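Report on the structure given below.
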Amino acid sequence: MFRRRRQLGADSDIGYPIDMSKGMRWANFDRKMQQVEAAEVVCNAHFFQFVQKLVQRRTSLNQ
Numbered sequence: 033m034f035r036r037r038r039q040l041g042a043d044s045d046i047g048y049p050i051d052m053s054k055g056m057r058w059a060n061f062d063r064k065m066q067q068v069e070a071a072e073v074v075c076n077a078h079f080f081q082f083v084q085k086l087v088q089r090r091t092s093l094n095q
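Count the sequence shown with our numbering and you get residues 33 to 95, in order.
So, in structure tokens, the structure goes:
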């Protein structure tokens, strides 16, 4: 995911907008942005599952 963001010229982390680099064709930019967005969806889903497990574990320890 970060490699794809760097290929588009992004220096920042997930969630920050990516500007199209000079000289890149719109078709390539759109295709790569779709790949980045798909990877971010997967990453967010995994993070959400991790947080849910963490909250469940913490709740069970407090009882």
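Backbone N, C-alpha and C define an ideal beta-carbon position, used for all residues, glycine too. These numbers were taken from a predicted model, which means no experiment stands behind them.
Where residue i sits in the DSSP three-state scheme
| i | result |
| --- | --- |
| Met56 | coil |
| Ala42 | coil |
| Gln62 | In the sequence on display, residue 62 carries Asp and not Gln. Of the three classes helix, strand and coil, the one that applies to Asp62 here is helix, per DSSP. |
| Gln84 | helix |
| Gln95 | coil |
Rounded straight-line distance, which links the Cα of residue j to that of residue i
| i | j | result |
| --- | --- | --- |
| Ile50 | Gln39 | 11 Å |
| Val74 | Asp62 | 19 Å |
| Met52 | Gly41 | 8 Å |
| Ala71 | Thr91 | 30 Å |
| Phe34 | Gln95 | 40 Å |
| Gln66 | Phe79 | 20 Å |
| Lys85 | Asn60 | 38 Å |
| Gln81 | Gln88 | 11 Å |
Residue j beta carbon less than 8 Å from that of residue i
| i | j | result |
| --- | --- | --- |
| Lys64 | Arg36 | yes |
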